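In this note's numbering, the protein residues as written are 167 to 615.
Here is the structure:
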């Protein structure tokens with residue numbers, strides 16, 4: 167006897183499949199995996215061209231770029247997402263107004279930051295980074311700041327609309343353009359018999375930001391919902407800044423401490439007994455090979471995190487604590503399970519991955535050591551996004567600051583004694599500490615009945 171389909175289950179299944187968060191997660195996950203896959207082989211390509219020392223130099227510049235992004239657009243993107251998510255129905259024009267105001271603020275900040283970095287590149291490279299070869303890298307990267315802020319703000323708008331296909335596509339456009347540009351410059355240099363400059367990496371980044379910004383602007387211009395009349399109010403600027411400031415302060419403080427961490431790690435490795443060149447190479451393996459590989463599965467958790475913010479914001483506005491609890495528990499369980507699976511995989515195949523992909527025994531040992539961080543690292547991003555969705559940006563700042571200060575303490579206290587293993591211990595314990603703090607902050611939602 168054949169059983170009839172349950173119409174209730176069929177309707178529920180259709181709703182789940184058509185859910186914006188499910189569709190958005192699919193697009194972001196697919197694009198994120200492709201982007202990270204391209205970036206993975208791109209890093210292998212860079213490691214063969216510039217070797218471990220070159221990767222170390224690139225890693226020294228990265229904190230400055232992250233700091234600039236934190237100042238210019240990190241908090242504003244989150245604020246745009248939150249306000250756009252709350253501006254629906256008759257408030258479509260208000261949501262686009264928040265986007266316009268956010269872009270205006272970000273571009274002004276980015277132009278000022280770009281000017282400061284470009285004109286003071288020698289001072290930054292010599293006194294802050296300690297490597298004069300970073301001067302051209304800083305100046306080229308500074309040109310990308312305004313483009314990156316426009317791209318970031320538009321992504322925040324589409325996240326708020328739960329239309330993640332646009333940010334996903336722009337992310338892919340950026341990565342493809344970056345890799346193609348660097349590879350093209352590399353081939354031209356070979357044919358001309360010229361030296362392959364490490365500046366090619368930053369030129370590729372600039373080209374990628376330009377392409378993604380143009381792509382996002384074109385897509386935004388042809389978005390049907392933007393035909394509604396743009397609405398502005400006197401408190402839009404203050405609303406964005408009040409929400410963005412704690413997030414930006416969080417990112418800026420963390421970026422500053424990360425800069426200290428980045429510059430001190432090679433020095434403390436020298437104190438542990440390594441030569442200066444070997445210490446820079448160990449850091450180059452970590453920043454350019456091992457850690458990017460460990461972060462590869464985070465494309466999935468990152469996609470979920472980006473779409474959790476507007477969903478949690480909507481649930482909070484409606485007072486739906488039951489939905490918030492479900493989002494917290496489901497997300498935490500999924501991210502932790504993914505992390506455990508990845509931990510086992512990296513532990514088992516560390517030698518194969520390090521030797522075959524990077525031809526580096528050092529990379530193999532670092533991959534195995536860092537594998538224990540996976541469950542806590544993947545879970546922290548999603549839980550942090552939930553806190554942002556609840557508007558608890560100040561709490562997130564304190565938790566992040568405490569966690570990174572703990573890790574910095576291990577750099578100074580443990581690395582000189584245990585070498586790179588001491589740094590791994592610091593990463594692991596700081597991630598566990600951070601996750602526990604967030605879980606305690608979400609306690610009232612988790613135990614809600």
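Where a beta carbon is used, it is the ideal one built from N, C-alpha and C, also for glycine. Keep in mind that this is a model prediction, so the values were computed, not measured.
{"query": "When the cut-off is 8 Å and only beta carbons count, does residue 375 lie next to chain D?", "result": "Any reference to chain D falls outside this structure, which holds one protein chain only."}
{"query": "Do residue 462 and residue 206 have their C-beta atoms within less than 8 Å of each other?", "result": "yes"}
{"query": "Between residue 321 and the rest of its own chain, which residues show a CB-CB distance below 6 Å, the 5 nearest in sequence each way excluded?", "result": "333"}
{"query": "Tell me whether the beta-carbon of residue 533 lies closer than 8 Å to the beta-carbon of residue 516.", "result": "yes"}
{"query": "If I measure Cβ to Cβ from residue 576 and keep anything under 7 Å in the same chain, skipping five residues before and after, which residues do I get?", "result": "588, 589, 591 and 592"}
{"query": "If we ignore side chains and look at the alpha-carbon of each, how far apart do residue 601 and residue 383 end up?", "result": "37 Å"}
{"query": "How many angstroms separate the CA atom of residue 289 from the CA atom of residue 296?", "result": "9 Å"}
{"query": "How would you call residue 213, buried or exposed, if buried means at least 16 neighbouring beta carbons within 10 angstroms?", "result": "buried"}
{"query": "Would you call residue 439 buried or exposed, if buried means 16 or more other Cβ atoms sit within 10 Å of its Cβ?", "result": "exposed"}
{"query": "In angstroms with no decimal places, state the Cα-to-Cα distance between residue 500 and residue 460.", "result": "17 Å"}
{"query": "Here's a check: name, in chain order, each residue in its chain whose Cβ is nearer than 7 Å to the Cβ of residue 327, leaving out the five neighbours to either side.", "result": "250"}
{"query": "Please confirm whether residue 344 and residue 374 have their CB atoms less than 8 Å apart.", "result": "yes"}
{"query": "Does DSSP put residue 182 in a helix, in a strand, or in coil?", "result": "For residue 182, the predicted model reports a pLDDT of 44, less than 50, meaning its position is unreliable; a value from the coordinates is still stated below. Residue 182: helix per DSSP, three-state reduction."}
{"query": "Do three or more CB pairs link the region 239–253 to the region 403–414 at distances below 8 Å?", "result": "yes"}
{"query": "Less than 8 Å between the CB atoms is what I'm expecting for residue 542 and residue 485, so what's the real figure, rounded?", "result": "Not really, about 31 Å apart at Cβ, beyond 8 Å."}
{"query": "Closest to residue 274 by CA distance: which of 263, 293, 253 and 239 is it?", "result": "239"}
{"query": "In the DSSP assignment, the alpha helix (DSSP H) including residue 347 goes from what residue to what residue?", "result": "331–358"}
{"query": "Determine, using beta carbons only, whether residue 414 and residue 552 come nearer to each other than 8 Å.", "result": "no"}
{"query": "With distances taken Cα to Cα, identify the nearest neighbour of residue 335 among 594, 386, 285 and 546.", "result": "386"}
{"query": "So the candidates are 594, 350, 608 and 377; which of them puts its Cα closest to the Cα of residue 316?", "result": "377"}
{"query": "How should residue 268 be labelled, buried or exposed, when 16 other C-beta atoms within 10 angstroms of its C-beta is the threshold for buried?", "result": "buried"}
{"query": "In whole angstroms, what separates the C-alpha of residue 337 from that of residue 573?", "result": "30 Å"}
{"query": "I'd like to know whether the C-beta atoms of residue 454 and residue 209 end up nearer to each other than 8 Å.", "result": "yes"}
{"query": "Near residue 365, which residues of its chain fall below 7 Å by C-beta distance, leaving aside the five closest residues on each side in sequence?", "result": "302, 303 and 306"}
{"query": "Spatial neighbours of residue 545 within its chain, please: C-beta separation below 7 Å, excluding the five flanking residues on both sides.", "result": "498, 501, 502, 505 and 601"}
{"query": "So which of 468, 433, 443 and 202 has the shortest CA-CA distance to residue 582?", "result": "433"}
{"query": "I need the straight-line Cα distance from residue 446 to residue 458, nearest angstrom please.", "result": "17 Å"}
{"query": "Could you please give the first and the last residue of the uninterrupted alpha helix (DSSP H) stretch that includes residue 539?", "result": "Run containing residue 539: none; DSSP gives neither H nor E here."}
{"query": "For residue 523, collect the residues of the same chain with a Cβ closer than 7 Å to its Cβ; drop the 5 residues on either side in sequence, then sort them by chain order.", "result": "210"}
{"query": "Can you give, in chain order, each stretch of the alpha helix (DSSP H) that sits fully within the region 392–471 and has at least 4 residues?", "result": "402–437, 442–451 and 457–460"}
{"query": "The ligand MN heavy atoms versus the CB of residue 506: any closer than 7 Å?", "result": "As far as ligands go, the structure on display features none, and thus does not contain the ligand MN."}
{"query": "Just tell me which of 291, 480, 261 and 308 has its CA closest to the CA of residue 282.", "result": "308"}
{"query": "Within this structure, are the beta carbons of residue 423 and residue 571 separated by less than 8 Å?", "result": "yes"}
{"query": "Nearest to residue 226 by alpha carbon, out of 372, 360, 427 and 252?", "result": "427"}
{"query": "Beta-carbon within less than 6 Å of residue 222's beta-carbon, same chain only, minus the 5 sequence neighbours each way: which residues are those?", "result": "446, 449 and 450"}
{"query": "Is the separation between the beta-carbon of residue 276 and that of residue 311 shorter than 8 Å?", "result": "yes"}
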